[in-house]
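Asker: In the numbering used here, the protein residues as written are 32 to 228.
Glycine included, C-beta positions come from ideal geometry on N, C-alpha and C.
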Amino acid sequence: MRKRNILLFGISNVGKTTVGIHLAQRLGYAFFDLDDEVKKYYMTTLEAFVNSDIRHARDKKRGQVIREIISKPEDKVFAISPIYYAANFNKYVLRPDVLAIELQDSPENIFQRLVFNDENDVIYKDDEYKNQHITHYLSDIKKDITFYKRSFSKITNKFDMNNDPVELVVDRIIKVYQLADRANMSESVIIKNLKRT
(Lines of atoms letter the chains of each structure in order from A and count residues from 1; the text may use other names and numbers.)
(Lines give C-alpha, C1' and ligand atoms only; values in the text may rest on other atoms or scores of the structure.)
Protein backbone atom coordinates (compact mmCIF):
# COMPACT_ATOMS: atom_id res chain seq x y z
CA MET A 1 0.00 0.00 0.00
CA ARG A 2 1.20 3.51 -0.82
CA LYS A 3 2.38 5.46 2.21
CA ARG A 4 0.00 8.40 2.35
CA ASN A 5 1.21 9.51 5.78
CA ILE A 6 4.92 9.99 6.45
CA LEU A 7 5.47 10.61 10.16
CA LEU A 8 8.81 12.01 11.29
CA PHE A 9 9.75 11.38 14.92
CA GLY A 10 12.84 12.29 16.92
CA ILE A 11 14.01 14.36 19.85
CA SER A 12 13.91 18.15 19.85
CA ASN A 13 16.25 19.92 17.41
CA VAL A 14 17.09 16.77 15.45
CA GLY A 15 15.62 18.42 12.34
CA LYS A 16 12.10 17.02 11.91
CA THR A 17 10.50 20.25 10.71
CA THR A 18 13.27 21.26 8.30
CA VAL A 19 13.52 17.78 6.80
CA GLY A 20 9.73 17.46 6.74
CA ILE A 21 9.21 20.69 4.81
CA HIS A 22 11.78 19.74 2.16
CA LEU A 23 10.56 16.14 1.91
CA ALA A 24 6.95 17.27 1.48
CA GLN A 25 7.99 19.67 -1.28
CA ARG A 26 9.88 16.92 -3.12
CA LEU A 27 6.97 14.48 -2.87
CA GLY A 28 4.20 16.98 -3.53
CA TYR A 29 2.70 16.20 -0.11
CA ALA A 30 1.13 18.57 2.40
CA PHE A 31 3.27 19.36 5.45
CA PHE A 32 2.12 19.55 9.06
CA ASP A 33 4.10 20.29 12.22
CA LEU A 34 2.62 19.05 15.49
CA ASP A 35 3.77 22.08 17.49
CA ASP A 36 2.02 24.45 15.07
CA GLU A 37 -1.10 22.30 14.98
CA VAL A 38 -1.26 22.13 18.80
CA LYS A 39 -1.09 25.92 18.97
CA LYS A 40 -3.95 26.26 16.47
CA TYR A 41 -6.09 23.47 17.93
CA TYR A 42 -5.88 24.67 21.54
CA MET A 43 -5.46 28.38 20.68
CA THR A 44 -2.37 28.76 22.84
CA THR A 45 1.37 29.26 22.72
CA LEU A 46 3.75 26.34 23.17
CA GLU A 47 5.08 27.97 26.32
CA ALA A 48 1.58 28.09 27.81
CA PHE A 49 0.75 24.57 26.58
CA VAL A 50 3.88 23.03 28.13
CA ASN A 51 3.11 24.70 31.45
CA SER A 52 -0.61 23.90 31.33
CA ASP A 53 -0.66 20.33 32.56
CA ILE A 54 1.31 17.22 33.52
CA ARG A 55 3.18 15.34 30.78
CA HIS A 56 0.61 12.53 30.51
CA ALA A 57 -2.26 14.99 29.93
CA ARG A 58 -0.24 17.03 27.42
CA ASP A 59 0.70 13.91 25.47
CA LYS A 60 -2.96 12.86 25.37
CA LYS A 61 -3.88 16.28 23.97
CA ARG A 62 -1.14 15.95 21.36
CA GLY A 63 -2.52 12.52 20.50
CA GLN A 64 -5.91 14.11 19.78
CA VAL A 65 -4.27 16.54 17.35
CA ILE A 66 -2.35 13.71 15.66
CA ARG A 67 -5.65 11.90 15.10
CA GLU A 68 -7.19 15.02 13.56
CA ILE A 69 -4.27 15.57 11.16
CA ILE A 70 -3.94 11.93 10.08
CA SER A 71 -7.67 11.84 9.32
CA LYS A 72 -7.18 14.55 6.67
CA PRO A 73 -7.48 12.98 3.21
CA GLU A 74 -4.41 14.47 1.55
CA ASP A 75 -0.98 12.82 1.36
CA LYS A 76 1.15 14.36 4.06
CA VAL A 77 4.48 14.59 5.85
CA PHE A 78 3.91 15.17 9.56
CA ALA A 79 6.67 16.26 11.96
CA ILE A 80 5.77 14.87 15.40
CA SER A 81 7.06 16.60 18.54
CA PRO A 82 8.58 14.27 21.15
CA ILE A 83 5.83 12.38 23.00
CA TYR A 84 6.82 10.19 25.94
CA TYR A 85 3.57 8.22 26.26
CA ALA A 86 3.72 6.20 23.05
CA ALA A 87 0.12 5.00 23.37
CA ASN A 88 -0.79 8.37 21.88
CA PHE A 89 0.85 7.55 18.54
CA ASN A 90 1.71 3.82 18.31
CA LYS A 91 -1.62 2.90 16.70
CA TYR A 92 -0.70 5.11 13.73
CA VAL A 93 2.86 3.80 13.43
CA LEU A 94 1.52 0.32 12.63
CA ARG A 95 -0.99 1.39 9.98
CA PRO A 96 -0.29 0.12 6.43
CA ASP A 97 -0.68 3.62 4.93
CA VAL A 98 1.90 5.11 7.33
CA LEU A 99 5.66 5.33 7.00
CA ALA A 100 7.03 6.22 10.45
CA ILE A 101 10.68 7.28 10.62
CA GLU A 102 12.73 8.22 13.66
CA LEU A 103 15.36 10.78 12.66
CA GLN A 104 18.56 10.31 14.63
CA ASP A 105 21.92 12.06 14.89
CA SER A 106 24.79 12.38 17.34
CA PRO A 107 24.40 14.68 20.37
CA GLU A 108 27.14 16.92 18.98
CA ASN A 109 25.35 17.34 15.65
CA ILE A 110 22.00 18.00 17.33
CA PHE A 111 23.69 20.61 19.53
CA GLN A 112 24.80 22.49 16.41
CA ARG A 113 21.14 22.81 15.35
CA LEU A 114 19.95 23.97 18.77
CA VAL A 115 17.64 26.99 18.69
CA PHE A 116 15.59 28.74 21.36
CA ASN A 117 12.12 30.25 21.50
CA ASP A 118 10.68 32.99 23.66
CA GLU A 119 7.34 33.12 25.49
CA ASN A 120 5.63 34.13 22.23
CA ASP A 121 7.08 31.13 20.35
CA VAL A 122 9.45 33.31 18.32
CA ILE A 123 12.42 31.11 17.39
CA TYR A 124 15.88 32.63 17.66
CA LYS A 125 19.51 31.56 17.67
CA ASP A 126 22.01 32.53 20.36
CA ASP A 127 25.23 30.73 19.52
CA GLU A 128 27.27 32.66 22.07
CA TYR A 129 24.98 31.62 24.94
CA LYS A 130 24.66 28.10 23.56
CA ASN A 131 28.42 27.61 23.34
CA GLN A 132 28.96 29.01 26.83
CA HIS A 133 26.66 26.25 28.14
CA ILE A 134 27.72 23.45 25.80
CA THR A 135 28.26 20.91 28.60
CA HIS A 136 24.76 21.48 29.97
CA TYR A 137 23.04 21.25 26.57
CA LEU A 138 24.99 18.19 25.43
CA SER A 139 24.02 16.48 28.68
CA ASP A 140 20.34 17.36 28.11
CA ILE A 141 20.45 16.05 24.53
CA LYS A 142 22.00 12.76 25.66
CA LYS A 143 19.32 12.42 28.35
CA ASP A 144 16.60 13.05 25.75
CA ILE A 145 18.02 10.38 23.43
CA THR A 146 17.92 7.87 26.31
CA PHE A 147 14.57 9.12 27.63
CA TYR A 148 12.71 8.72 24.33
CA LYS A 149 14.33 5.44 23.25
CA ARG A 150 11.52 3.45 24.84
CA SER A 151 8.85 5.76 23.42
CA PHE A 152 10.16 5.26 19.89
CA SER A 153 10.74 1.50 20.26
CA LYS A 154 7.93 0.48 17.86
CA ILE A 155 9.24 2.76 15.13
CA THR A 156 11.38 0.30 13.19
CA ASN A 157 12.70 2.81 10.64
CA LYS A 158 15.68 4.50 12.29
CA PHE A 159 17.36 7.04 10.01
CA ASP A 160 20.81 8.47 10.85
CA MET A 161 21.02 11.99 9.45
CA ASN A 162 24.81 11.99 9.85
CA ASN A 163 24.84 15.82 9.96
CA ASP A 164 24.23 15.87 6.20
CA PRO A 165 22.73 18.95 4.50
CA VAL A 166 18.94 18.80 4.38
CA GLU A 167 18.84 18.23 0.60
CA LEU A 168 21.07 15.17 0.96
CA VAL A 169 19.04 13.87 3.91
CA VAL A 170 15.88 14.11 1.80
CA ASP A 171 17.59 12.40 -1.15
CA ARG A 172 18.67 9.57 1.14
CA ILE A 173 15.19 9.19 2.70
CA ILE A 174 13.62 9.00 -0.76
CA LYS A 175 16.12 6.34 -1.80
CA VAL A 176 16.10 4.26 1.42
CA TYR A 177 12.29 4.17 1.71
CA GLN A 178 11.68 3.84 -2.05
CA LEU A 179 9.73 7.05 -2.46
CA ALA A 180 11.31 7.91 -5.82
CA ASP A 181 8.11 7.32 -7.81
CA ARG A 182 6.29 9.95 -5.76
CA ALA A 183 9.22 12.38 -6.00
CA ASN A 184 9.49 11.89 -9.78
CA MET A 185 5.73 12.30 -10.19
CA SER A 186 5.83 15.52 -8.17
CA GLU A 187 8.72 16.88 -10.27
CA SER A 188 6.95 16.02 -13.53
CA VAL A 189 3.81 17.85 -12.35
CA ILE A 190 5.93 20.91 -11.50
CA ILE A 191 7.60 20.79 -14.94
CA LYS A 192 4.21 20.51 -16.69
CA ASN A 193 2.88 23.47 -14.72
CA LEU A 194 5.97 25.53 -15.59
CA LYS A 195 5.51 24.76 -19.29
CA ARG A 196 1.93 26.05 -19.15
CA THR A 197 3.02 29.44 -17.80
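For K70 versus D152, is the C-beta spacing smaller than 9 Å?
Answerer: Taking the first residue of the sequence shown as position 1, residue 70 is located at position 39. Taking the first residue of the sequence shown as position 1, residue 152 is located at position 121. Yes, the Cβ-Cβ distance between K70 and D152 is below 9 Å.
Asker: Considering only residues of the same chain and omitting the five flanking positions on each side of G4, which have a CB-CB separation below 6 Å?
Answerer: An answer regarding residue 4 cannot be provided, because it is not within the stretch 32 to 228 covered by the chain.
Asker: Look at the alpha carbon of S102 and the alpha carbon of G94, and state the distance between them as a whole number of angstroms.
Answerer: The sequence position of residue 102 within the sequence shown is 71, counting from 1. The sequence position of residue 94 within the sequence shown is 63, counting from 1. Taking the straight line joining both Cα atoms gives about 12 Å.
Asker: Given a threshold of 16 other Cβ atoms within 10 Å of its Cβ, counted over all protein chains shown, does A55 qualify as buried or as exposed?
Answerer: Counted from its first residue, the sequence shown places residue 55 at position 24. Result: buried.
Asker: So what does DSSP say about V153, is it helix, strand or coil?
Answerer: For this step, residue 153 is matched to residue 122 along the sequence shown. Here V153 sits in coil by DSSP.
Asker: Within the stretch 34-85, note down every full beta strand (DSSP E) run reaching 3 residues or more, in order along the chain.
Answerer: 36-40, 61-64
Asker: So who's on the other strand from I132, going by DSSP bridges?
Answerer: Working through the sequence shown from its first residue, we reach residue 132 at position 101. Note: I132 sits in a beta bridge opposite L39, N188.
Asker: Under the rule that 16 or more other beta-carbon atoms within 10 Å means buried, what is N119, buried or exposed?
Answerer: One-based indexing of the sequence shown puts residue 119 at position 88. N119 should be labelled buried.
Asker: So, under 8 Å CB-CB, I37 and L130 are touching, yes? Tell me the CB distance rounded to an integer number of Å.
Answerer: Residue numbering aside, residue 37 sits at position 6 when the sequence shown is read from its first letter. Residue numbering aside, residue 130 sits at position 99 when the sequence shown is read from its first letter. About 5 Å separates the two Cβ atoms, so the contact holds.
Asker: Locate the beta strand (DSSP E) running through F109, then write down its first and last residues.
Answerer: As a working mapping, residue 109 is identified with position 78 in the sequence shown. Where F109 is concerned, the enclosing beta strand (DSSP E) stretches over 107-110.
Asker: For N193, which of helix, strand or coil comes out of DSSP?
Answerer: Numbered from its first residue, the sequence shown carries residue 193 at position 162. N193 falls in the coil class under three-state DSSP.
Asker: What first and last residue would you give for the alpha helix (DSSP H) that runs through K122?
Answerer: Stepping through the sequence shown from its first residue, residue 122 is reached at position 91. Start and end: 121-124.
Asker: Which residue wins for smallest C-alpha separation from I100, given the options E68, H53, Y115?
Answerer: Within the sequence shown, the letter at position 69 stands for residue 100. Among E68, H53, Y115, the Cα nearest to that of I100 is on E68.
Asker: Under the rule that 16 or more other beta-carbon atoms within 10 Å means buried, what is Y160, buried or exposed?
Answerer: Along the sequence shown, read from residue 1 onward, the residue named residue 160 stands at position 129. Flag for Y160 reads exposed.
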